[in-house]
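A.B. asks: Keeping their order, the protein sequence lines are chains A and B.
If you read the first sequence in our numbering, its first letter stands for residue 936, the second for the next number, and so on.
If you read the second sequence in our numbering, its first letter stands for residue 103, the second for the next number, and so on.
Where is the CB? At the ideal position from N, CA and C, for every residue including glycine.
Please read all numbers here as calculations on a predicted model, not as lab measurements.
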Amino acid sequence: MRLDEKMNMTTIKHHLTDALLMGYAAGTLPEAFSLVVATHLSMCDECRAQAASFDAVGGAVLEGGETVSMDAGVWRPPWRVSKA
Amino acid sequence: MSKKPLFRRFRGDPNSRSLRSADMLTESELFDVPTISHARRAHVRLSAVKEPQRKISKVTATPDDTQKWIDLMIALRDHQDRTAFVQLFEHFAPRVKAFLMRGGMDRGKAEECAQDVMTTLWTKAHLFDPTRASVATWVFTIARNRRIDLARKDRRPEPEDLDWGPASEPDQSEALALQEDTETLGRAIAALPEKQRELIEKAYFGDLSHSEIAEITGLPLGTIKSRIRLALDRLRHALG
């Protein structure tokens, strides 16, 4: 039995705070915190869904945000980029 | 679009600012946020190359285009449609660039990084699943991870991946429902009192510490979270 299956047999009673999940989504958590969050998310769908929602907030911030035009002449079509 | 009430946390008319702010931050909470340390930006060196000043334009959010970007992304994913890629590039690359610059990255680095992000959009297109995220959300996560990669050697620890790619035949109605939630979320955030919206933006630009983020409360995530949670439950059943 995989570890996550084993864990799902028990009820997870402690959940991550919104501040931790938002920091994780924003990518600004210190390494040790990120590790704890990633570990918890591996086993807790409740928090995984909340974390995905905070990703969606990031998407909304990006979508509704400012733009800075890309430099002309350095357009790199990805189909011409060889894998480095 | 949606006739449903926005989110449970919002009382009364969701279009009324005064009511919306009821569950949000108070003025004093906003001003209690400590000064932000810019130390983490130290790794970003200023570009020595002088570039002409470019306009930073404020663009009105058009979250209702969500479906358009999905369609283009699927054309790219399933048919390697180059025209679709160009359209996605023209919309998202300038946003990613601005986003990274707001987070303290210099113009040249942000340009390069935005190019990388868009290339990843092309090379990882097969991983795009509209039941999981909108295109904007997907682009955001790629940009965030790229920024972290540049800022430190170690990657951000990721949760064990759930194997629910396009192979599991994405459900059209689920995708539509998620897009609707995404648009509603986008509108809700756009309509927040300016100070709170700025605080949220700062958090995502990387300008707030963990403890500063704790000051931001009451984000309207109930609906979209429930949707993702249901999708996860179905997936777990399918796996089990």
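In whole angstroms, what is the alpha-carbon distance linking Ala-995/A and His-193/B?
C.D. replies: If I take the Cα positions, the gap works out to 14 Å.
A.B. asks: Where does Thr-974/A fall in DSSP's three states?
C.D. replies: helix
A.B. asks: Using the three-state DSSP reduction, which class does Arg-258/B fall into: helix, strand or coil?
C.D. replies: coil
A.B. asks: Going by DSSP in three states, Leu-278/B sits in which element: helix, strand or coil?
C.D. replies: helix
A.B. asks: Cα-Cα, which of Arg-1011/A, Ser-977/A, Trp-1014/A is closest to His-950/A?
C.D. replies: Ser-977/A
A.B. asks: Please confirm whether Glu-276/B has its beta-carbon closer than 8 Å to some beta-carbon of chain A.
C.D. replies: no
A.B. asks: Among the residues of its own chain, which have a CB less than 6 Å from the CB of Met-203/B, if the five just before and after it don't count?
C.D. replies: Ala-212
A.B. asks: Exposed or buried, what is Arg-983/A when buried is set at 16 or more other beta-carbons lying within 10 Å of its beta-carbon?
C.D. replies: buried
A.B. asks: Look at the Cβ atom of Ala-961/A, then the Cβ atom of Thr-239/B, and state whether they are nearer than 8 Å.
C.D. replies: no
A.B. asks: When we look at the beta-carbon of His-975/A and count the other beta-carbons within 10 Å, is it buried (16 or more) or exposed?
C.D. replies: buried
A.B. asks: Mind pulling the chain A residues with CB within less than 8 Å of Gln-169/B?
C.D. replies: Residues of chain A passing the Cβ test: none, with the nearest at roughly 13 Å.
A.B. asks: Hey, Ala-305/B and Ile-291/B: beta-carbon distance below 8 Å or not?
C.D. replies: no
A.B. asks: What is the DSSP secondary structure of Met-207/B, reduced to helix, strand or coil?
C.D. replies: In the structure shown, Met-207/B falls within a coil segment according to DSSP collapsed to helix, strand and coil.
A.B. asks: Here's the rule I'm using: 16 or more other beta-carbon atoms within 10 Å means buried, otherwise exposed. How should Lys-226/B be labelled?
C.D. replies: That one is exposed.
A.B. asks: Lys-346/B to Leu-321/B, Cα distance in whole Å?
C.D. replies: No answer is possible for residue 346/B: it lies beyond the span of chain B, which begins at 103 and ends at 342.
A.B. asks: If we ignore side chains and look at the alpha-carbon of each, how far apart do Leu-294/B and Glu-282/B end up?
C.D. replies: Approximately 19 Å, taken between the alpha carbons.
A.B. asks: Excluding the five sequence neighbours on either side, which residues of its own chain have a C-beta within less than 8 Å of the C-beta of Asp-183/B, listed in chain order?
C.D. replies: Leu-174, Ala-177
A.B. asks: Using a 10 Å radius around the Cβ and a threshold of 16 neighbouring Cβ atoms, would you call Leu-956/A buried or exposed?
C.D. replies: buried
A.B. asks: Exposed or buried, which one is Leu-148/B when buried takes at least 16 other CB atoms within 10 Å?
C.D. replies: Low confidence applies to Leu-148/B: its pLDDT is 29, below 50, so where it sits in the model is not reliable enough to give any reading.
A.B. asks: Answer with yes or no whether the minimum CB distance from Ser-149/B to chain A is below 8 Å.
C.D. replies: Residue confidence for Ser-149/B is low, a pLDDT of 32 falling below 50, so the modelled location carries little weight and cannot support an answer.
A.B. asks: So is Ala-177/B in contact with chain A if we call contact Cβ pairs under 8 Å?
C.D. replies: no
A.B. asks: With 16 other CB atoms within 10 Å as the buried threshold, where does Ile-947/A fall?
C.D. replies: exposed
A.B. asks: Please decide whether Glu-998/A counts as near chain B, where near means a Cβ-Cβ distance under 8 Å.
C.D. replies: yes
A.B. asks: Buried or exposed: Leu-964/A, going by 16 or more other Cβ atoms within 10 Å of its Cβ?
C.D. replies: buried
A.B. asks: Can you list, in chain order, the residues of its chain whose CB lies under 7 Å from that of Val-219/B, leaving out five sequence neighbours each side?
C.D. replies: Closer than 7 Å at Cβ, skipping near neighbours: Val-198, Val-241, Ile-244, Ala-245, Arg-248.
A.B. asks: Taking Trp-224/B as the reference, which of Met-207/B, Cys-215/B, Phe-191/B, Asp-251/B has the closest Cα?
C.D. replies: With distances taken between CA atoms, Trp-224/B lies nearest to Phe-191/B out of Met-207/B, Cys-215/B, Phe-191/B, Asp-251/B.
A.B. asks: From Ala-163/B to Glu-303/B, what does the alpha carbon distance come to, in whole angstroms?
C.D. replies: Confidence in Ala-163/B is poor, its pLDDT being 45 and thus under 50, which makes the residue's placement unreliable; the coordinate value appears in the next sentence. C-alpha separation (whole angstroms): 14 Å.
A.B. asks: Go through its chain and collect everything with a Cβ distance to Arg-331/B's Cβ below 6 Å, but skip five positions before and after it.
C.D. replies: Shown here for Arg-331/B: not one same chain residue has a beta carbon closer than 6 Å to its own, the five before and five after excluded.
A.B. asks: Taking Cβ-Cβ distances below 9 Å as the criterion, which residues of the stretch 959–972 of chain A are in contact with chain B?
C.D. replies: Tyr-959, Ala-960, Ala-961, Gly-962, Thr-963, Leu-964, Pro-965, Glu-966, Phe-968, Ser-969, Leu-970, Val-971, Val-972
A.B. asks: Confirm, please, whether the CB-CB distance from Ala-973/A to Pro-261/B is below 8 Å.
C.D. replies: yes
A.B. asks: Of the residues that make up the stretch 276–298 of chain B, which ones have a beta carbon closer than 7 Å to any beta carbon in chain A?
C.D. replies: Thr-284, Leu-287, Gly-288, Ile-291, Ala-292
A.B. asks: Less than 7 Å between C-beta atoms, sequence neighbours within five positions excluded: which residues of the same chain meet that for Asp-273/B?
C.D. replies: Thr-233, listed in sequence order.
A.B. asks: For the stretch 946–959 of chain A, list every residue whose C-beta sits within 9 Å of some C-beta in chain B, in sequence order.
C.D. replies: For the stretch 946–959 of chain A, the beta-carbon criterion of a distance under 9 Å to any beta-carbon of chain B is satisfied by Thr-952, Asp-953, Ala-954, Leu-955, Met-957, Gly-958, Tyr-959.
A.B. asks: Compare the C-beta of Arg-258/B with all C-beta atoms of chain A and state if any pair is closer than 8 Å.
C.D. replies: yes
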